[in-house]
Amino acid sequence: MVREVRDVVIVGGGTAGWLTAAIIAARHKARIGHDFSVTLVESPNVPIIGVGEGTWPTLRSTLKSVGISETDFFRECDAAFKQGALFAKWTTGADDDAYYHPLVLPQRFGELNLAPHWLAGTLVEGGDNGETFCDAVCPQGRICDENLAPKSMTNAEYEGQANYAYHLDAGKFAPFMQRHCTEKLGVRHVLADMRRVIQDESGDIRAIETEQAGEIAGDLFVDCTGMRSLLLGETLGVPFRDCNDILFCDTALAVQVPYPDADAPIATHTISTAQSAGWIWDIGLPTRRGVGHVYSSRHISREDAEAELRAYIGPAADGLSVRKIDIRSGHRELFWKNNCVAVGLAAGFLEPLEASAIVLIELSARMIADQMPARREVMDIVARRYNEKTLYRWGRIIDFLKLHYVLSQRRDTAFWRDNMDPATIPERLRDLMALWRFQPPWLHEEFDRVDEVFPSASYQYVLYGMGFRSEVSARTLEPEVRDARRARRENADNTARMLTSLPRHRDLIQRIIKYGLQPV
Numbered sequence: 011m012v013r014e015v016r017d018v019v020i021v022g023g024g025t026a027g028w029l030t031a032a033i034i035a036a037r038h039k040a041r042i043g044h045d046f047s048v049t050l051v052e053s054p055n056v057p058i059i060g061v062g063e064g065t066w067p068t069l070r071s072t073l074k075s076v077g078i079s080e081t082d083f084f085r086e087c088d089a090a091f092k093q094g095a096l097f098a099k100w101t102t103g104a105d106d107d108a109y110y111h112p113l114v115l116p117q118r119f120g121e122l123n124l125a126p127h128w129l130a131g132t133l134v135e136g137g138d139n140g141e142t143f144c145d146a147v148c149p150q151g152r153i154c155d156e157n158l159a160p161k162s163m164t165n166a167e168y169e170g171q172a173n174y175a176y177h178l179d180a181g182k183f184a185p186f187m188q189r190h191c192t193e194k195l196g197v198r199h200v201l202a203d204m205r206r207v208i209q210d211e212s213g214d215i216r217a218i219e220t221e222q223a224g225e226i227a228g229d230l231f232v233d234c235t236g237m238r239s240l241l242l243g244e245t246l247g248v249p250f251r252d253c254n255d256i257l258f259c260d261t262a263l264a265v266q267v268p269y270p271d272a273d274a275p276i277a278t279h280t281i282s283t284a285q286s287a288g289w290i291w292d293i294g295l296p297t298r299r300g301v302g303h304v305y306s307s308r309h310i311s312r313e314d315a316e317a318e319l320r321a322y323i324g325p326a327a328d329g330l331s332v333r334k335i336d337i338r339s340g341h342r343e344l345f346w347k348n349n350c351v352a353v354g355l356a357a358g359f360l361e362p363l364e365a366s367a368i369v370l371i372e373l374s375a376r377m378i379a380d381q382m383p384a385r386r387e388v389m390d391i392v393a394r395r396y397n398e399k400t401l402y403r404w405g406r407i408i409d410f411l412k413l414h415y416v417l418s419q420r421r422d423t424a425f426w427r428d429n430m431d432p433a434t435i436p437e438r439l440r441d442l443m444a445l446w447r448f449q450p451p452w453l454h455e456e457f458d459r460v461d462e463v464f465p466s467a468s469y470q471y472v473l474y475g476m477g478f479r480s481e482v483s484a485r486t487l488e489p490e491v492r493d494a495r496r497a498r499r500e501n502a503d504n505t506a507r508m509l510t511s512l513p514r515h516r517d518l519i520q521r522i523i524k525y526g527l528q529p530v
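The sequence shown: position 516 = 526 (the numbering used here), numbered continuously.
Listed below in structure tokens is the structure:
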């Protein structure tokens, strides 16, 4: 019997559910109402876990592709621009210890690797001039220092002078996406509590039974039920693979911090400040800051972790309530089994050090939408490819997060010392760090896959921001020195131009909300 895949049922809302619904529905919009449907079922009684969220630049293309106005997004989601992350006190713990992981690639990155020239001091005549790696190769660190936006009102929606992502209020983003999905993309929305999952004789999910809406049948089910993973985990029995032996942080304390006044500057980057047994995120939204302490409960008590959080915030923390969020670092051993695929927390979660949660939703939903199996008989082939690619992506994110801890020179607490235990470092990362002592990462075989989540540029910014040294030969670099110095001058010129032309971050957001950006 031929079973065509026509009806997609997404179980669970929130950012994962509605973003997935938007991507699938937009990709198959011409079929909706004819031979294809997207239904999202969510409980009216389950609150969203949302805190202030960081994103990747991919969200710009995602929002644009599903037909969302960037102006509307800013007006309704309390959004701000994000141009990277500032990591403070990660290397030595000193007050002046900080570096940027920006979103702009190094100057001429596709044709010339500036990292060895910076290491060898050949970027300027006379040797090392004291520039950080970030400032030598891109303008974004300086833009962030000055609290400038990545674009101006003369740039159309989704266009910018510097690459950018967003900070957003997840509690507002999900309802915003819900309205767009139901009003513009033809997604059917069902508010109902799931009672049980109904499987057929093959083990596939045939339908879910709900309290308020009865049975809802489908051909492909997307599990967005959060950490419980009610479909893939509980019903289909896919085990969870812990990685808390690599990434120790298992708890977060989140708090919303008001600005001292309505015109206070909004940071245009995430600030991540290392603590005794974890780190504190600081995300600036137009109406408030989202601040949270991510820590290892094996290394610090809840009380002491909250004390560090309140000390970081200062007097503004008085009277503010703190919300505790449990983190179970890891992911499912499979992400797609039978006719069920998990997206978002149902697939797994890692500490938000590099804001990887939403981008994984985007990448997952895009692959599901692009490779939507026409019939059940080919679904297992698509599932195998999906599982291989998704497992690779999770592994690379785990590697990259661990890199921040492994590069640290801090030994002041057991948390930092334990992170240096070779048994806690993935073998692939150990091998790469050995290799990078003699050749800086660039466009080599370790970054030759199109599904690489972090490019080699990201590794360069973190490695050389944290004081890692690769041995390079200035003599070997001689044929490239002229081009490398020209690239550095180009970057210096770009930096100077942007510092004089870009508006203040808060000023631009206020103008976008008042006047709107030019539509694409």
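All residues carry an ideal CB built from backbone N, CA and C; glycine is no exception. Keep in mind that this is a model prediction, so the values were computed, not measured.
Check: Local Cβ density within 10 Å of E500, reported as buried at 16 or more and exposed below that; Outcome: exposed
Check: Every unbroken beta strand (DSSP E) within the region 58–107, with a cutoff of 3 residues, ordered by chain; Outcome: 62–64, 90–92, 94–98
Check: Check whether K74 and Y168 have beta carbons under 9 angstroms apart; Outcome: yes
Check: Assigned secondary structure, A287 (DSSP; H/G/I helix, E/B strand, else coil); Outcome: coil
Check: Cutoff 8 angstroms; reference L535; Cβ partners in own chain excluding five residues on either side; Outcome: Nothing about residue 535 can be read from this structure; the chain reaches only from 11 to 530.
Check: beta-carbon D88 near the ligand FAD non-hydrogen atom, thresh 8 angstroms; Outcome: The ligand FAD is not part of this structure, which contains no ligands at all.
Check: Alpha helix (DSSP H) segment containing L473, residue limits; Outcome: 466–475
Check: Own chain residues within Cβ distance below 6 angstroms of A31, not counting five before or after; Outcome: I20, V48, L50, C191, V197
Check: The beta strand (DSSP E) enclosing S511, as first and last residue numbers; Outcome: Where S511 is concerned, there is no enclosing beta strand (DSSP E), although the alpha helix (DSSP H) it sits in stretches over 491–511.
Check: Sub-9 angstroms separation of T280 and K92 beta-carbons; Outcome: yes
Check: Presumed contact (8 angstroms Cβ cut-off) between L133 and R376, rounded CB distance; Outcome: With 8 angstroms as the limit, L133 and R376 do not qualify as a contact, their Cβ atoms being about 38 angstroms apart.
Check: Straight-line gap, E225 to P383 (C-alpha atoms, nearest Å); Outcome: 23 angstroms
Check: Where Q188 sits in the DSSP three-state scheme; Outcome: helix
Check: Between the CA atoms of N254 and R118 - distance to the nearest angstrom; Outcome: 38 angstroms
Check: Inter-residue Cα distance where the pair is P54 and F183; Outcome: 17 angstroms
Check: 3-residue-minimum beta strand (DSSP E) runs that sit fully inside the region 196–274, ordered along the chain; Outcome: 198–201, 204–209, 215–220, 224–227, 230–233, 250–252, 261–268
Check: Nearest-angstrom Cα separation, counted from D138 out to G340; Outcome: 42 angstroms
Check: Euclidean distance between Cα positions of F359 and Y305; Outcome: 15 angstroms
Check: DSSP bridge partner residues for A352 (one or two, in chain order); Outcome: D233
Check: Which listed residue (V18, G23, S212, E52) has its alpha carbon closest to that of R37; Outcome: V18
Check: Spatial distance of A125 from E364 (CA atoms); Outcome: 22 angstroms
Check: Cβ separation of G77 and K194, assumed to be a contact under 8 angstroms, to the nearest whole Å; Outcome: 6 angstroms
Check: Beta carbon of G302 nearer than 9 angstroms to that of I290; Outcome: yes
Check: Nearest-angstrom Cα separation, counted from S466 out to L453; Outcome: 7 angstroms
Check: Whole-angstrom C-beta distance between L512 and Q150, which should lie under 8 angstroms; Outcome: Not quite, the Cβ-Cβ distance comes to about 11 angstroms (not below 8 angstroms), so this is no contact.
Check: Residues near I371 by beta carbon distance below 7 angstroms, same chain, minus five either side; Outcome: T25, A26, L29, T30, V353, G354
Check: Cβ neighbour criterion (16 or more within 10 Å) applied to Q528; Outcome: exposed
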